[in-house]
Structure formats: structure tokens, C-alpha cells
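What the sequence shown shows, in the numbering used here, is residues 74 to 125, in sequence order. Quick reminder that beta carbons are idealized off the backbone N, C-alpha and C, glycines included.
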Amino acid sequence: MSKTNRQFVLASRPSGYPKESDFDLIELPVSKPNDGQLLVRTIFLSVDPYMR
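In C-alpha cells form, the structure reads like this:
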């Protein structure tokens, strides 16, 4: 069973407030890390207004 990576990708630059149609959700297979690399799983993510 292969693992998948889900990504929200900007489909078009929002005009005004962002809409669902401004984003695409794509799923790609997770590749194995090469030597000297590691794979990290994100559990929590916060995007706050002050991070601009």
C-alpha cells in the first residue's frame, strides 16, 4: 500500500476573498527518501495573519 501526499495548490490568484475554485487539491505518491534525506509527517500547521 503506497502512501499519498495531498497538496493544496493555488489554481488562480484570488480576486477579493479566496474561493474554493481558486485552489486545487492534488494527490501524489510519496517517494522514498534518498541517502541523507528524511521524510517528515506534518501533524499540525498554523497559518496566521501576522505571518505575512
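To the nearest angstrom, how far is it from the Cα of residue i to the Cα of residue j?
| i | j | result |
| --- | --- | --- |
| R79 | P102 | 9 Å |
| D95 | G109 | 36 Å |
| F117 | K76 | 19 Å |
| Y123 | N107 | 35 Å |
| V120 | P91 | 15 Å |
Mapping DSSP to helix, strand and coil, what is residue i?
| i | result |
| --- | --- |
| P122 | helix |
| D95 | helix |
| T115 | coil |
| R86 | coil |
Once you ignore the five residues that flank residue i on each side, which residues in its own chain have a CB closer than 7 Å to its CB?
| i | result |
| --- | --- |
| D97 | V82 and A84 |
For residue i, which residues in the same chain have their Cβ closer than 6 Å to its Cβ, ignoring the five residues on either side in sequence?
| i | result |
| --- | --- |
| L27 | Lying before the first or after the last residue shown, residue 27 is absent from the chain, which here runs from 74 to 125. |
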